[in-house]
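Please read the structure below before turning to the comments.
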Amino acid sequence: MSTGNEYGSRPYLPGPKCSQCTNGAQCTSKRLCPSTCSVTSPPFTRKTTSTSLPTTTPVAATTEKLISQHPTAEECRDQRSSCTQWAKTGNCLGAGRKFMAQYCSSSCGFCNVTTTNAQKSSHFQQKDICVDLLSKQRCEKLRSLGNCRNPRKISAMMSDCKLTCGFCNFMPRCSDVYTTEECALMKGRGHCENVRLLRAMNERCARTCDRCSQRRRV
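Per UniProt numbering, the sequence shown starts with residue 1, numbered consecutively.
Here it is in structure tokens:
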């Protein structure tokens, strides 16, 4: 007589958790059978073979091996529409982890994200140093309003729309980012010594405002 809770069959004898899951699917994190209402079961749950990894292999070591063998960050993507659901039901580290690493690498986090120092340097230069924090459309709008040249707005634009305003190489050496005439005009209006404009002037007209030897931090 078989065991396990199966609706409509008697007697109702308790069996191991998930012993009657469809197609031999594994328990979820809540020790329940995964939902089969709208998502098909992964192919590996139908009939496993001897090709599965030994149960004695540490999960961490297995995961590292899968990550090193499978897609790089550029190639990492899911190849099955149900990958997200399969990952949620614990299949990434189950008996089918080889299948999941090959076909659902993104959902399982099995991507090789190792980069060289040169790649990291390029990434930082292009993304971390010079990037708009606001959307391109928003930054373009602010630039069209003259905010990139407005002394009262420069500090905010340096942070929020650095790329759009052309502030990427604003301080390779002590120099004026604005033209000499613009900086001279603002200095003549007292902007270099205006407490509210110190940060902006230090960044945009450092040479004209005589801030090269010792820049003030506001």
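C-beta atoms are modelled at their ideal positions from N, C-alpha and C, and glycine is treated no differently.
Item to check | Range of the contiguous alpha helix (DSSP H) that encloses S159 | outcome: I154 to D160
Item to check | Distance, S81 Cα to R211 Cα | outcome: 58 Å
Next on the checklist: Using the three-state DSSP reduction, which class does C183 fall into: helix, strand or coil?
Outcome noted: helix
Next on the checklist: I need the boundaries of the alpha helix (DSSP H) containing residue 221, first residue and last residue.
Outcome noted: In the structure as shown, the chain begins at 1 and stops at 218. Residue 221 is therefore absent and cannot be evaluated.
Checklist entry - Taking just the CA atoms, how far does S107 sit from A200? => result 44 Å
Checklist entry - CB-CB under 7 Å to L163, same chain, minus the five flanking residues each way: which ones, in chain order? => result C130, V131 and D132
Checklist entry - Excluding sequence positions up to five away, which residues of its chain have a Cβ less than 6 Å from the Cβ of T84? => result S107
Item to check | C165 - DSSP class collapsed to helix/strand/coil | outcome: coil
Checklist entry - From this set, A184, C165 and L32, which residue's C-alpha is nearest R135's C-alpha? => result According to the sequence displayed, residue 135 carries Ser and not Arg. Measuring from the Cα of S135, the nearest candidate turns out to be C165.
Checklist entry - What number of angstroms, rounded off, separates the C-alpha of R207 from the C-alpha of P151? => result 16 Å
Checklist entry - Between the C-alpha atoms of C148 and A87, what's the straight-line distance to the nearest angstrom? => result 46 Å
Checklist entry - Hey, L145 and C161: beta-carbon distance below 8 Å or not? => result no
Item to check | Check whether C205 and C174 have beta carbons under 8 Å apart | outcome: no
Next on the checklist: Quick check: the Cα distance between F110 and Q79, rounded to an integer number of angstroms?
Outcome noted: 13 Å
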